[in-house]
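To keep things clear, I will list the structure first and then write my remarks on it.
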Amino acid sequence: QVQLVESGGGLVQAGGSLRLSCVASGSIFSPNAMGWYRQAPGKQRELVARITSGGMRNYADSVKGRFTISRDGAKNTVYLQMNSLKPEDTAVYYCNLGVMSNNYWGQGTQITVSS
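All letters in the sequence shown, in the order written, are residues 3 to 117 by my numbering.
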């Protein structure tokens, strides 16, 4: 059984920074990909950033240049450094692990950016 536990959400003013962490535990095989998705009220869940076990990264256009995803393979942990936050970044952020044909999700962490 795979579990994902997120931390680091909260309230921040526009222009501020936050760092999210997600620790995966259980039977985790490689290759895999870990990433962050977000869902704002009334909107669909969308990809924010993703990184494979080989180190390939991709980002949503809306966060390029502001967010950085990284991972520590030894700790099965993925990070999302978020800088220059905007009110439109307000959402619940979910950690995701994709391995083989399975997708696993964290419980979500709220990020609120005030203007």
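For each residue, glycine too, the CB sits at the ideal point set by N, CA and C.
- Lys88 and Gly10 have their C-alpha atoms roughly 17 Å apart.
- Annotated three-state conformation of Gly12 is strand, per DSSP.
- Between Glu8 and Ser23, the alpha-carbon positions lie close to 6 Å from each other.
- Taking 8 Å as the upper bound for CB-CB distance, Met102 and Ser19 are not in contact here, some 34 Å apart.
- For Ala93, the three-state secondary structure derived from DSSP is strand.
- Classified as buried, Leu99 has 16 or more neighbouring CB atoms from the shown chains inside 10 Å of its CB.
- For Leu87, there is no enclosing beta strand (DSSP E), as DSSP gives it neither H nor E.
- Beta bridge pairing from DSSP links Asn98 with Gly37 and Trp107.
- Here Tyr81 is near Arg73, since their CB atoms are less than 9 Å apart.
- Following the DSSP letters along the chain, one finds Val50 inside the beta strand (DSSP E) bounded by residues Glu48 to Thr54.
- When the Cα atoms are used, Met36 and Arg52 turn out to be separated by approximately 6 Å.
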